[in-house]
Amino acid sequence: KQLFSQNNVPLTKYVWFFRNEWEDEGSKTVTKIEEKLHYPLYVKPANGGSSIGVSKVKNTQELRNAIEVAALFDRKILVEEGFEDAREINVSVMGNSGSDLAVSVCEEVFSAGEMLSYDDKYKGNAKKTGGSSGMVSTKRKIPADLTKELEKKIQDAAKRAFSSLDCFGLARIDFR
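So the number in the working numbering is just where the residue sits in the sequence shown, counting from 1, plus 973.
In C-alpha cells, the structure reads:
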C-alpha cells in the first residue's frame, strides 16, 4: 500500500497492525480503527489471497470477530474502508516491469453475496453441478460496462500497481 501510494495508485483508507498488538491491546486497536475508518470495513490477512480469512463487517462486534479470524491466517492484519454497492472490476497486466506492458479489457465480476468469496472463486456452483467449477461459474461481464475514460484510468492504475511491485509475467489487479 505504501508503494501504491507513492506511485499514484488509488487506495481506500486503511489501518494495519500486527496480531500481537491485537492480543495485547484489542480495545485500543478497535478504537484506533473506528477513529480512522467508517463502516463497512473489510478485514483481511495482509499476506493472503483468494479471500481466505477476509470478512466484511458493519459494526464493532463483527469487527472484533473478523480480526480474530484474520489473525488465524497471518501475523499482520489489514482493515480497509469499504463501499456500499461497489462494483468489482478486474484487469490483467502482462509483461515485465520497466518495459511496455500489455493490459486486458476490464471485466466486472458479480458475487453471490456482499463480496466475492473463496467459495465463489473456487467452488462456484458445485452444489448444482456435483463438481467444482469455480470462477468459470462466476457471473461476469466482459468487457465491463464502463466509459472509455474510466476503463483507461483503471488500466493505467493497474499498470502502475504492477510496476510499483516490480512484477513480471501476468497479474490480475482487482478494483472496487
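All C-beta atoms in this analysis are idealised placements derived from N, C-alpha and C, irrespective of residue type, glycine included.
From residue i to residue j, what does the alpha carbon distance come to, in whole angstroms?
i        : j        : result
Trp-995  : Asp-1047 : 12 Å
Ser-1070 : Lys-1029 : 33 Å
Lys-986  : Asp-1073 : 30 Å
Leu-1010 : Glu-1061 : 21 Å
Pro-1116 : Asp-1058 : 20 Å
Gln-979  : Phe-1135 : 13 Å
Thr-1004 : Ala-1075 : 43 Å
Lys-1125 : Glu-998  : 43 Å
Under a Cβ-count criterion, where at least 16 other Cβ atoms within 10 Å of its own Cβ denotes burial, should residue i be classed as buried or exposed?
i        : result
Ser-1023 : exposed
Val-1064 : buried
Thr-1033 : exposed
Arg-1149 : exposed
Ser-1000 : exposed
Asp-1129 : exposed
Considering only C-alpha positions, which residue in the set the options is nearest to residue i?
i        : options                                   : result
Trp-989  : Pro-983, Val-982 and Ala-1044             : Ala-1044
Leu-1014 : Phe-1148, Lys-1031 and Arg-1149           : Lys-1031
Ile-1050 : Gln-979, Lys-1017, Gly-999 and Leu-1010   : Lys-1017
Tyr-1012 : Ser-1000, Leu-1036, Glu-1041 and Ala-1130 : Leu-1036
Asp-1139 : Pro-1116, Glu-1080 and Gly-1068           : Gly-1068
On the DSSP bridge list, what partners appear for residue i?
i        : result
Gly-1021 : Answer by DSSP bridge pairing: none, since Gly-1021 is not bridged.
Gly-1068 : Gly-1142
Tyr-1015 : Lys-1029 and Glu-1053
Phe-1046 : Per DSSP, none; premise fails for Phe-1046.
Ala-1075 : Met-1067
Ile-1062 : Glu-1081 and Phe-1148
Arg-1113 : Val-1082
Should residue i and residue j be called a contact, given that it needs their Cβ atoms to be closer than 8 Å?
i        : j        : result
Arg-1113 : Val-982  : no
Val-1052 : Ile-1146 : no
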